[in-house]
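In mature numbering (1 follows the signal peptide of the UniProt record, and there is no 0), the protein residues as written are -21 to -1, 1 to 576.
Below, the structure is given as structure tokens:
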């Protein structure tokens, strides 16, 4: 009678013992509990610090630069200094990518084999990376083509700002429809103001509810001056309404030009700021980033929650969002297949479709695999073309998410600190005026002659990537990193570089200060230390590094040539605190924009 109970108790105790037992040689870290692992400790510290990167900093100080945690079924080894990150990136034993549910499902919407280019490994990764680099050089990454695309988008952004200024400086009695039209564009106008007598014309408003407050007042039949100006000041506002000045939301002002540059290389398409399709695409991207964490998602750590709590774990939203973006990409693919000219491919999608539809497909990795099967190549291609098309769509998803999101956030960080540091803005504009003047827009080719503005690019990226992490790796076999044994254990072991530990540490002396001069040597030339590796290095170096830096340089200099950016009079200075997420971003902030020329 007691035997079944005793056996159950023994099995339960064995389960608890094995669940809390760390593999031999694993780096130190918080205690593991059965099922949960280190989850409770990580949650506690994250609530205490407010951010994941600060949580990792606390753990690093306690356990050292290399430590391990267990979240559900995943064992995660975090690397928090230059030596450990470099050791991992130069170790072929660490070239694998995670294989958990999250990484499989993000590219197909269901658990099948991994595809795409960012989270694949082995021969497939080598081939797809080579293809993307080769063809994007042809359709954009090539210096001349890329420069012209970026410069064009930067000029579109400047013209867009000018139109907003023009709308802002029209008489305040214009129709509410025109005001609504302006506010719907990227870089929203929240308030019309003047450079003079500003303190007499501003009215206290709710800081965190500006947009909803404006909408409410418009619905009540009030004009824009009703919303922000006291009744006694109407006449004064009418007198100064022609002055130059507008308030723009800068934390989300760069998504369109960055996306357009990349999207034109991938699909040959350019969007206008108010394009409904673009807004839909941005909405999907925003939701996608809310559904995941920096190294996975709750349903990935605890797969059973996909069935027990699909909504609470984020699984349901994750699947729905990916289904929407896959439908969007598939629609674009079908349009390309219908309109493609095989003799003149115009973008990355055309080039990939050409490979799928020609015998050159047999030279690709997938084609070589098929050649080992005793069926004709053409029949084999037909039977798996859906998978190959899925690979193309996954590449587009990777490039879209990795390229547009990171660059636009780096720009947001850059302008946040430019606004908070008027001396930096002044020095940048002095260099722009000296080297370029005002008769022509900045060009990418000017970058070599403008070290200070180039240093702003490097510092903007440091401030952004210093709050985020790199793409996880996986140990392909038992290996060592700076003396620590990293056992393969199973395919749920990840190795994650934490860039905060190398880009925001004491090496920089004043890491929290935005100081472009740190990248300029005594000869006045750019000097980049080895510790600066936000784009990784070696064969794992980010494919889009050149595009990202070029985008940031051209957009920043083009805007600074034409406009002055400053703290809104009467507002507190924008906060340097971040919004935690899959990639860190500055908290929403608005700035006063006035024309220089």
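Where a beta carbon is used, it is the ideal one built from N, C-alpha and C, also for glycine.
Coil, strand or helix - residue i by DSSP
| i | result |
| --- | --- |
| residue 16 | strand |
| residue 549 | coil |
| residue 44 | coil |
| residue -16 | helix |
| residue 483 | coil |
| residue 574 | strand |
| residue 492 | coil |
| residue 91 | Residue placement at residue 91 is flagged as unreliable, the pLDDT there being 46, under the threshold of 50; a coordinate-derived value is accordingly withheld. |
| residue 23 | helix |
| residue 430 | helix |
| residue 251 | coil |
| residue 10 | coil |
| residue 569 | strand |
| residue 477 | strand |
| residue 50 | strand |
| residue 557 | strand |
Euclidean distance between Cα positions of residue i and residue j
| i | j | result |
| --- | --- | --- |
| residue 38 | residue 20 | 10 Å |
| residue 447 | residue -18 | 51 Å |
| residue 59 | residue 141 | 44 Å |
| residue 234 | residue 488 | 32 Å |
| residue 445 | residue 537 | 25 Å |
| residue 113 | residue 42 | 43 Å |
| residue 308 | residue 318 | 16 Å |
| residue 588 | residue 507 | The structure shown does not extend to residue 588, since the chain is modelled only from -21 through 576, so no value can be given for it. |
| residue 89 | residue 68 | No answer about residue 89 holds up, because its pLDDT of 44 lies below 50 and its placement is not dependable. |
| residue 418 | residue 381 | 35 Å |
| residue 475 | residue 321 | 42 Å |
| residue 48 | residue 24 | 13 Å |
| residue 110 | residue 400 | 42 Å |
| residue 581 | residue 53 | The chain is shown from -21 up to 576; residue 581 falls before or after that span and cannot be answered. |
| residue 294 | residue 16 | 21 Å |
| residue 574 | residue 264 | 32 Å |
| residue 565 | residue 227 | 15 Å |
| residue 296 | residue 243 | 29 Å |
| residue 279 | residue 134 | 43 Å |
| residue 472 | residue 453 | 6 Å |
| residue 459 | residue 306 | 43 Å |
| residue 241 | residue 128 | 9 Å |
| residue 124 | residue 407 | 26 Å |
| residue 282 | residue 386 | 32 Å |
| residue 581 | residue 509 | Nothing can be reported for residue 581, as the shown portion of the chain is limited to -21 through 576. |
| residue 253 | residue 369 | 29 Å |
| residue 431 | residue 304 | 39 Å |
| residue 531 | residue 100 | 30 Å |
| residue 64 | residue 33 | 18 Å |
Residue i versus the options, residue with shortest Cα-Cα distance
| i | options | result |
| --- | --- | --- |
| residue 549 | 531, 533, 535, 570 | 570 |
| residue 559 | 6, 7, 3, 26 | 26 |
| residue 377 | -1, 301, 314, 438 | 301 |
| residue 513 | 335, 443, 544 | 443 |
| residue 503 | 410, 476, 246 | 410 |
| residue 481 | 566, 413, 45, 552 | 45 |
| residue 314 | 299, 515, 332 | 332 |
| residue 434 | 246, 533, 515 | 533 |
| residue 449 | 78, 237, 520 | 520 |
| residue 76 | 543, 455, 517, 479 | 455 |
| residue 225 | 144, 394, 425 | 144 |
| residue 484 | 31, 30, -16, 61 | 61 |
| residue 436 | 467, 6, 527 | 527 |
| residue 31 | 556, 568, 287, 496 | 556 |
| residue 298 | 266, 397, 438 | 266 |
Endpoints, beta strand (DSSP E) assigned at residue i
| i | result |
| --- | --- |
| residue 227 | 225 to 228 |
| residue 243 | Residue 243 -> not in any beta strand (DSSP E); alpha helix (DSSP H) instead, spanning 234 to 246. |
| residue 58 | 53 to 58 |
Terminal residues of the alpha helix (DSSP H) in which residue i lies
| i | result |
| --- | --- |
| residue 385 | 384 to 399 |
| residue 334 | 327 to 335 |
| residue 423 | First-last for residue 423: undefined, no H or E at that position. |
| residue 63 | 61 to 68 |
Cutoff 9 Å: residue i Cβ touching any chain B Cβ
| i | result |
| --- | --- |
| residue 443 | Chain labels in this structure do not include chain B; a single protein chain is all it has. |
Legend entry - Those runs of the beta strand (DSSP E) which lie wholly inside the stretch 256 to 295 and span at least 3 residues: The qualifying runs do not exist here; there are none.
Inset, instruction - Identify every run of the alpha helix (DSSP H) within the stretch 495 to 544, keeping only runs that are complete inside it and at least 4 residues long; order them along the chain. - result: Whole alpha helix (DSSP H) segments, 4+ residues: 524 to 541.
Legend entry - Segments assigned beta strand (DSSP E), at least 3 residues, entirely inside the stretch 434 to 471: When DSSP assignments are scanned along the stretch 434 to 471, the uninterrupted stretches of beta strand (DSSP E) that are 3 or more residues long and fall wholly within it turn out to be 458 to 460, 463 to 465.
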